[in-house]
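Written out below as structure tokens is the structure these notes cover.
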Amino acid sequence: MNFQGKWALVTGASSGIGEQFARQLAKRGSHLVLVARSVSKLESLAAELSKRYGIKAEVISMDLSKEGAPSELYRQCQRLNVDIELLVNNAGFATHGLFEQVSGERQHEEVMLNVAAVVDMTHLFLPNMLRNNSGTVINVASTAGFQPLPYMAVYGATKAFVLSFTEALWWENRDRGIQFFALCPGATDTSFFDVVGTEDASVGKKDTPERVVEAAFRALLEGKIYLVPGVQNYIGAQLSRFITRKQGLRLVGGMLRPKGGSADHDYKNTDNQSDLAGRTIR
């Protein structure tokens with residue numbers, strides 16, 4: 001797979017896994033369109049990568065949870081006259097707590113960003129890839145997509161959608177020159193599980209964004225449909241095949257139960273504007 005001189009678009013590019021995709025694509029010679037809300041962080045990253053690797057890097061500040069944002073992003077890429085050959089749908093966030101106690105507006109935004117934006121972005125950029133008989137779409141899902149998540153009901157459902165959506169489009173496009181791939185990381189360099197009320201022992205070892213993205217590129221080269229990085233994460237993702245759904249809910253619900261019985265937290269990985277700045281949540 002040759003990335004040299006090709007344009008890649010990365011959403012949620014200002015931190016965590018998105019930033020690592022940007023860095024490792026630049027190292028491979030890709031030009032970049034970096035998208036997130038935090039323009040200053042994007043501009044700093046773009047300047048650094050352009051200087052270090054001699055690539056072009058464009059910055060677009062945008063909140064993709066807003067209605068019509070993906071279409072506006074597509075129009076801006078057209079105005080920049082860039083031909084996107086690699087799309088990385090990474091932007092997303094999670095809410096945590098009893099469903100009825102979490103802001104309904106925030107959960108709507110969660111669905112808009114984690115699901116609707118992924119669908120819209122793919123629908124907008126795929127046709128040109130098909131015309132060129134070449135392209136790659138990477139959708140960042142999660143180990144959360146393999147089982148329901150009590151107290152993170154919307155987040156788990158959105159990531160299950162992303163995984164199913166990606167696998168279906170892999171099949172549709174397997175002979176059309178387009179590679180679809182779902183990255184399903186587990187806990188990744190974050191205090192997320194401590195904050196939501198789980199113990200380190202129940203979470204296991206956390207990975208780094210750098211290792212997660214390196215593993216993703218290896219899996220892409222091997223032609224895989226999806227990847228769960230890390231042996232423990234992979235075993236956990238497959239556990240639902242060997243226990244009943246009720247047993248799975250009891251296990252996961254016990255891990256994610258909020259401290260004090262209820263909570264309403266909002267953990268973002270789109271552009272680092274949360275209390276968990278600099279860390280990626282999956």
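For reference, each letter of the sequence shown is one residue, going 1 to 282 in full-length UniProt numbering. A virtual CB, placed ideally from N, CA and C, is assigned to each residue, including glycine.
Under 6 Å Cβ to Cβ from V115, same chain only, skipping five residues before and after it: list those, please.
T158, F161
So for E58, helix, strand or coil by DSSP?
Three-state result, E58: strand.
Looking at the secondary structure, which residues open and close the alpha helix (DSSP H) in which T122 lies?
117–132
According to the Cβ coordinates, are S30 and L86 closer than 8 Å?
Cβ atoms of S30 and L86: closer than 8 Å.
Excluding the 5 residues preceding and the 5 following S142 in the sequence, name in chain order all residues of the same chain whose CB lies nearer than 7 Å to its CB.
K159, C184, P185, R282
Exposed or buried, which one is K27 when buried takes at least 16 other CB atoms within 10 Å?
exposed
Between A69 and I84, what straight-line distance do the alpha-carbon atoms span, to the nearest angstrom?
Taking the straight line joining both Cα atoms gives about 17 Å.
Would you say I243 reaches chain E, if we count a Cβ-Cβ gap shorter than 8 Å as a contact?
The displayed structure is made up of one protein chain only, and chain E is not part of it.
For K206 and R241, I'd like the C-alpha separation in whole angstroms.
Cα to Cα, K206 sits roughly 24 Å from R241.
Would you give the residue range spanned by the beta strand (DSSP E) that V252 belongs to?
Not the beta strand (DSSP E): V252 falls in the alpha helix (DSSP H), residues 245–256.
What is the rounded straight-line gap between the Cα of M1 and the Cα of V137?
13 Å
Is the beta carbon of G145 sitting closer than 8 Å to the one on L113?
Between G145 and L113, the gap from beta carbon to beta carbon reaches 8 Å or more.
In this structure, how does DSSP classify Q4 when only helix, strand and coil are distinguished?
Reduced to three states, the DSSP call for Q4 is coil.
Looking only at C-alpha atoms, which of K41, H108, N173, A168 sits nearest to M129?
N173
How many Å lie between H108 and L220 at the Cα?
32 Å
Provide the residue(s) that pair with T143 in DSSP beta bridges, ordered along the chain.
None; T143 has no bridge partner.
Is the beta carbon of P148 closer than 8 Å to that of L249?
yes
Would K6 be called buried (16 or more neighbouring beta carbons within 10 Å of its own) or exposed?
buried
For the candidate residues E210, T188, T122, whose alpha-carbon lies nearest to that of F168?
Residue 168 is actually Ala in this sequence, not Phe. Minimum Cα distance to A168 is reached at T122.
Short of 8 Å in beta carbon distance, which residues of its chain neighbour V111, apart from the five on each side in sequence? Order them along the chain.
V154, T158
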